[in-house]
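Colleague: Got a structure for you, written out below as C-alpha cells; questions coming shortly.
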Amino acid sequence: MTTKFASLRMRDFAKRSGVAILGGTVGVAPTIANAATGSQSIVSGGFKWFINTNITFLSTSSNFGFSEASATQPMQTENGSSQTLNDAFDGAMGWHVHPTGVIANSDKGLNGYQATGGVTLSPASPVAEQAATVTGNVEVLQGLNVTGQLYFPAGQGVARAILTLQNPSASAITVQVTNDNNLGSDANTKIDTTSSGDNVFQLGQDNWVISHQDIGVGMPITDPTITLAGMKLASSADYVDGDDNPYQYFNVTVPAGGTKRVMTLVRLSRSATVAQAVASTFNDLNSLRQAGYVSDLSEDELRSIVNWNYMGFPDLTPALSGPTSLTVGQATNMTLTVTNGGTGTNTDGTLTVTLPTGVNLTTPPAGCIANGTQGFTCTLGAIAAADASATPPVAAGVQTLNFAVTASTVPVAPASISAVITAVTGESNTANNSTSLSVTGAVVVSNTQPVPGLGTVALAGLSGALALMGTRRRRKDLKDTKGENVHQ
Numbered sequence: 179m180t181t182k183f184a185s186l187r188m189r190d191f192a193k194r195s196g197v198a199i200l201g202g203t204v205g206v207a208p209t210i211a212n213a214a215t216g217s218q219s220i221v222s223g224g225f226k227w228f229i230n231t232n233i234t235f236l237s238t239s240s241n242f243g244f245s246e247a248s249a250t251q252p253m254q255t256e257n258g259s260s261q262t263l264n265d266a267f268d269g270a271m272g273w274h275v276h277p278t279g280v281i282a283n284s285d286k287g288l289n290g291y292q293a294t295g296g297v298t299l300s301p302a303s304p305v306a307e308q309a310a311t312v313t314g315n316v317e318v319l320q321g322l323n324v325t326g327q328l329y330f331p332a333g334q335g336v337a338r339a340i341l342t343l344q345n346p347s348a349s350a351i352t353v354q355v356t357n358d359n360n361l362g363s364d365a366n367t368k369i370d371t372t373s374s375g376d377n378v379f380q381l382g383q384d385n386w387v388i389s390h391q392d393i394g395v396g397m398p399i400t401d402p403t404i405t406l407a408g409m410k411l412a413s414s415a416d417y418v419d420g421d422d423n424p425y426q427y428f429n430v431t432v433p434a435g436g437t438k439r440v441m442t443l444v445r446l447s448r449s450a451t452v453a454q455a456v457a458s459t460f461n462d463l464n465s466l467r468q469a470g471y472v473s474d475l476s477e478d479e480l481r482s483i484v485n486w487n488y489m490g491f492p493d494l495t496p497a498l499s500g501p502t503s504l505t506v507g508q509a510t511n512m513t514l515t516v517t518n519g520g521t522g523t524n525t526d527g528t529l530t531v532t533l534p535t536g537v538n539l540t541t542p543p544a545g546c547i548a549n550g551t552q553g554f555t556c557t558l559g560a561i562a563a564a565d566a567s568a569t570p571p572v573a574a575g576v577q578t579l580n581f582a583v584t585a586s587t588v589p590v591a592p593a594s595i596s597a598v599i600t601a602v603t604g605e606s607n608t609a610n611n612s613t614s615l616s617v618t619g620a621v622v623v624s625n626t627q628p629v630p631g632l633g634t635v636a637l638a639g640l641s642g643a644l645a646l647m648g649t650r651r652r653r654k655d656l657k658d659t660k661g662e663n664v665h666q
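Numbering (the working numbering), first residue to last: 179 to 666.
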C-alpha cells in the first residue's frame, strides 16, 4: 500500500524546486498560483499545507488533496524536544469515485478527482491563519458532477475535505467513494487513541483516530501527530499500527437531480497529548458546530453529508406575557413560553426567572423550583424544532410555563421581570436567550367613603327637623287614640 502515493515525492520535489510535472515530464512552473501542480499552499494553525491542484496527468496519487504539511516554526513535541515538524503526509485526503463492485485499488488513476483546470480561493489571497476555502472545478465522474473542497478554519491546525456529488440525470446513481491517505509514517505508524477510548480502530464505533510516527525511545520526533475523522459510518475502513495508508470507502446513492456529500477532517498537532485534549471536537456534527468547523455550511448542505449523522441545533427563545400593571396585594397570572426556532430538538437547558424588588413569587410553574420569593428555576424538557421538509410541515415546538406574582409594594421604575435560558447543548445562537417584561404597580383605593363632617348650622337645622317630625308623630298618635275611644 505504500506505493499508492509514491509519485507525490516527485511532485514534492517539483513543488520545492519551482518546476511542474505536466504530462509526465518536468517543465518550468507557470507563475499563476492556480496553474501548476501542487502550487497552492495555506498557512493555518502553525502549519503550512501544500495542496495538489490542476492535476494534468494520471497516476494512483494525482488527486486534489495534500501532498505534504509542515510546521512554520519549532514546536515542543511529546518528548519535550523542540522541532520544526514536517512531512505530515506523503499525500492525503485524495478522492476517487468508482462504479460499485469494482476493486477500488484497480482504477484509482482513472477515477480520481483531480481539480483539473485549477481551484478557486476564498478569500482570493488568504493570509496566514485566516479562514480559507479552496474549491476545485467540477469534473464528471461516473455520470455525476463532482466537486472537491478544502476548508481551513481560522487559526486552527484543521483541514476539512468535502466531496460533492450532484446527479444531473433522471435516475438515481450509486457509486463507491474512496478517501485515501498516506501519512508518511510508514511502518512506524502508531495509533495513540480512538474515539472509543482504546488504541484499536473499530468500524461503526470510532469516528476519529490519533496516530504518530513512533521512531523509538529517545529519538527526536520530526512528524506532526495526526487526527483523522469521519470514518464511523464508512462502508469499509482500515487504520492499523504499522500501516500509514488509512482509507475509507463509502457507498453513496445520489437521487435523480439530487446532491450528496462525503466529509472527512484532519488535524495536525505537536503531540498526542495536545491532540487528545481537543479530539472531542470531532465527535459529531454538534461538536463540529461548537468548534466552528462547519459554520460556513448551510443546514441543507449538512443534511446531505452521508457519513455524519445529521444533528440539527436547537435555538431556544423565551417570551414573557401578562398584565404590566400590578395591583398591590393581588396575585397576577403570568405566562412564559420557550420556542425552539432551530433545526434540532434540545436535550437540556436551564430557565431562570428573576422578579424585581417589590414583586414576589406567588406560584411557580409546575415542576420548577422557587428561588425564595424573587424568582424560580426550571429544567427545560425536549422542545421539538420546526421541520419545513416534513409532510405536512412541522411548526416550531413551544413549551408554556404559567406562574403568578404579587406586588407587595409599588415597584420602583424601571422594574422588569426577566427570563434567561442557559446550558443548552449544541446551541450556537445565544443572542436571543433572554427577555424581560416591564411592570408597574398601583395601590387599591377602597370604595367605602367616610360621611363628610356637618357644620353647626347644619346640625341645628337637622335637630329642628327631627324635633318637628317627632311632634307631628305624637299628634298623629294622640288623634288615633281618641278615635278609637269614640268607637268604643
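Quick reminder that beta carbons are idealized off the backbone N, C-alpha and C, glycines included. Keep in mind the model is a prediction, meaning the values are calculated, not measured.
Using the rule of at least 16 other Cβ atoms within 10 Å of the residue's Cβ for burial, across every protein chain shown, is S389 buried or exposed?
Modeller: Position 211 of the sequence shown, counted from the first residue, corresponds to residue 389. So S389 ends up on the buried side.
Colleague: Tell me whether the beta-carbon of I399 lies closer than 8 Å to the beta-carbon of S259.
Modeller: Reading the sequence shown from its first residue, position 221 is the one you call residue 399. Reading the sequence shown from its first residue, position 81 is the one you call residue 259. Yes; because the gap between Cβ atoms is below 8 Å, this pair is in contact.
Colleague: Using 8 Å for Cβ pairs, my map puts T613 next to A509. What's the rounded Cβ distance?
Modeller: Taking the first residue of the sequence shown as 1, we reach residue 613 at position 435. Taking the first residue of the sequence shown as 1, we reach residue 509 at position 331. That belief does not hold up - the Cβ atoms of T613 and A509 are roughly 22 Å apart, past 8 Å.
Colleague: Evaluate I547 with the Cβ neighbour count: other Cβ atoms within 10 Å of its Cβ, from every protein chain shown; 16 or more gives buried, anything less gives exposed.
Modeller: By 1-based counting over the sequence shown, the position of residue 547 is 369. I547 is exposed by the Cβ-count criterion.
Colleague: Taking just the CA atoms, how far does T532 sit from T618?
Modeller: On the sequence shown, residue 618 is found 440 positions in, with the first residue counted as 1. On the sequence shown, residue 532 is found 354 positions in, with the first residue counted as 1. Cα-Cα distance, rounded: 16 Å.
Colleague: Does R448 come out as helix, strand or coil in the three-state DSSP assignment?
Modeller: Looking up residue 448 in the sequence shown gives position 270. In this structure, R448 counts as coil in the three-state DSSP scheme.
Colleague: Alpha carbon to alpha carbon, how far is F379 from L529?
Modeller: Counting from one through the sequence shown, the residue named residue 379 turns up at place 201. Counting from one through the sequence shown, the residue named residue 529 turns up at place 351. Going by the C-alpha atoms only, they are around 41 Å apart.
Colleague: Going by C-alpha distance, which of L558, L480 and G536 is nearest L745?
Modeller: Only positions 179 to 666 of the chain appear in the structure, and residue 745 is not among them; the question remains open.
Colleague: Which residue or residues does DSSP assign as beta-bridge partners of L539?
Modeller: Mapped onto the sequence shown, residue 539 falls at position 361. L539 pairs with V583.
Colleague: So who's on the other strand from K226, going by DSSP bridges?
Modeller: Looking up residue 226 in the sequence shown gives position 48. DSSP output for K226 lists V221 and S248 as bridge partner(s).
Colleague: Taking the continuous alpha helix (DSSP H) assigned at E477, which residues delimit it?
Modeller: As a position in the sequence shown, residue 477 is number 299, starting the count at 1. Segment E477 to R481, the alpha helix (DSSP H) holding E477.
Colleague: Counting only runs that start and end within the region 356 to 391, where is the beta strand (DSSP E) found for 3 or more residues in a row?
Modeller: Qualifying beta strand (DSSP E) stretches, in chain order: 367 to 372 and 386 to 391.
Colleague: Could you give the C-beta distance for G720 and R467, rounded to a whole number, given that I count them as a contact under 8 Å?
Modeller: No answer is possible for residue 720: it lies beyond the span of the chain, which begins at 179 and ends at 666.
Colleague: With respect to the alpha helix (DSSP H) encompassing A412, which residues constitute its N-terminal and C-terminal limits?
Modeller: Along the sequence shown, read from residue 1 onward, the residue named residue 412 stands at position 234. Unbroken run through A412: none, as it is neither H nor E.
Colleague: Between which two residues does the alpha helix (DSSP H) harbouring L466 extend?
Modeller: Here the question's residue 466 lines up with position 288 in the sequence shown. Note, L466: alpha helix (DSSP H), L463 to A469.
Colleague: Given a cut-off of 8 Å on the beta-carbon distance, is the pair D422 and L263 in contact?
Modeller: Residue numbering aside, residue 422 sits at position 244 when the sequence shown is read from its first letter. Residue numbering aside, residue 263 sits at position 85 when the sequence shown is read from its first letter. No, Cβ-Cβ distance for D422 and L263 is not below 8 Å.
Colleague: Buried or exposed: which applies to A434, given that a residue is buried once 16 or more other Cβ atoms fall within 10 Å of its Cβ?
Modeller: The residue labelled residue 434 in the question sits at position 256 within the sequence shown. So A434 ends up on the exposed side.
Colleague: Should T502 be labelled buried (16 or more other beta-carbon atoms within 10 Å of its own) or exposed?
Modeller: Locating residue 502 in the sequence shown gives position 324, counting from the first residue. T502 should be labelled exposed.
Colleague: For V440, does the count of other Cβ atoms within 10 angstroms reach 16, so buried, or fall short, so exposed?
Modeller: The residue labelled residue 440 in the question sits at position 262 within the sequence shown. When all chains shown are included, V440 counts as buried.
Colleague: Taking just the CA atoms, how far does G519 sit from A310?
Modeller: Along the sequence shown, one-based indexing puts residue 310 at 132. Along the sequence shown, one-based indexing puts residue 519 at 341. Those two C-alpha atoms are separated by around 30 Å.
Colleague: To the nearest angstrom, how far is the alpha carbon of N241 from that of A563?
Modeller: The residue labelled residue 241 in the question sits at position 63 within the sequence shown. The residue labelled residue 563 in the question sits at position 385 within the sequence shown. If I take the Cα positions, the gap works out to 40 Å.
Colleague: Check this for me: beta carbons of V456 and L343, under 8 Å apart or not?
Modeller: Taking the first residue of the sequence shown as position 1, residue 456 is located at position 278. Taking the first residue of the sequence shown as position 1, residue 343 is located at position 165. Cβ atoms of V456 and L343: not closer than 8 Å.
Colleague: Closest to I599 by CA distance: which of T525, T495 and P534 is it?
Modeller: Counting from one through the sequence shown, the residue named residue 599 turns up at place 421. Ranking the options by Cα distance to I599, first place goes to T495.
Colleague: With a floor of 3 residues, list each beta strand (DSSP E) that falls wholly inside the region 317 to 353, ordered by position along the chain.
Modeller: Counting only runs of 3 or more, we get 317 to 319, 322 to 330 and 336 to 344.
Colleague: From A620, P571 and P492, pick the residue whose C-alpha is nearest to that of G536; which is it?
Modeller: On the sequence shown, position 358 is the one that residue 536 refers to. It is A620.
Colleague: Would you identify the three-state DSSP class for T557, choosing helix, strand or coil?
Modeller: Taking the sequence shown and counting its residues from 1, one reaches residue 557 at position 379. Looking at T557 - three-state DSSP - the assignment turns out to be strand.
Colleague: In whole angstroms, give me the CA-to-CA distance for F330 and L381.
Modeller: As a working mapping, residue 330 is identified with position 152 in the sequence shown. As a working mapping, residue 381 is identified with position 203 in the sequence shown. Their Cα atoms are separated by approximately 27 Å.
Colleague: By the 10 Å Cβ neighbour count, where 16 or more other Cβ atoms means buried, how is V318 classified, buried or exposed?
Modeller: Start at 1 with the first residue of the sequence shown, and residue 318 comes out as number 140. By the neighbour-count rule (16 or more Cβ atoms within 10 Å), V318 is not buried but exposed.
Colleague: Hey, quick one: how far does the beta strand (DSSP E) through L615 stretch, first residue to last?
Modeller: By one-based count along the sequence shown, residue 615 stands at place 437. S612 to S616 is the span of the beta strand (DSSP E), which, as asked, contains L615.
Colleague: Once the 5 residues before and after G420 are set aside, which same chain residues still bring their CB inside 7 Å of it?
Modeller: In the sequence shown, the residue the question calls residue 420 occupies position 242. Cβ neighbours of G420 beyond the five flanking positions: A365 and T367.
Colleague: If you draw a straight line from the C-alpha of G522 to the C-alpha of A573, how long is it?
Modeller: One-based indexing of the sequence shown puts residue 522 at position 344. One-based indexing of the sequence shown puts residue 573 at position 395. Computed Cα separation, rounded: 12 Å.
Colleague: Given G335, which residues of its chain have a CB within under 7 Å of its CB, disregarding the five upstream and five downstream residues?
Modeller: Taking the sequence shown and counting its residues from 1, the one referred to as residue 335 is at position 157. Closer than 7 Å at the Cβ level, and outside the excluded window around G335, lie S222, G223, G224, F225, R445, L446 and S447.
Colleague: Using beta-carbon positions only, say whether V550 and A601 come within less than 8 Å of one another.
Modeller: On the sequence shown, position 372 is the one that residue 550 refers to. On the sequence shown, position 423 is the one that residue 601 refers to. The residue asked about is misnamed: residue 550 is Gly in this sequence, not Val. No. Outside cutoff.
Colleague: By DSSP, does N289 sit in helix, in strand, or in coil?
Modeller: Within the sequence shown, numbered from 1, the residue matching residue 289 stands at position 111. Correct three-state label for N289: helix.
Colleague: Exposed or buried, what is S303 when buried is set at 16 or more other beta-carbons lying within 10 Å of its beta-carbon?
Modeller: Looking up residue 303 in the sequence shown gives position 125. Exposed, because fewer than 16 other Cβ atoms sit within 10 Å of the Cβ of S303.
Colleague: Which word fits T517, buried or exposed, when buried means at least 16 other C-beta atoms lie within 10 angstroms of its C-beta?
Modeller: As a position in the sequence shown, residue 517 is number 339, starting the count at 1. Buried is the call here.
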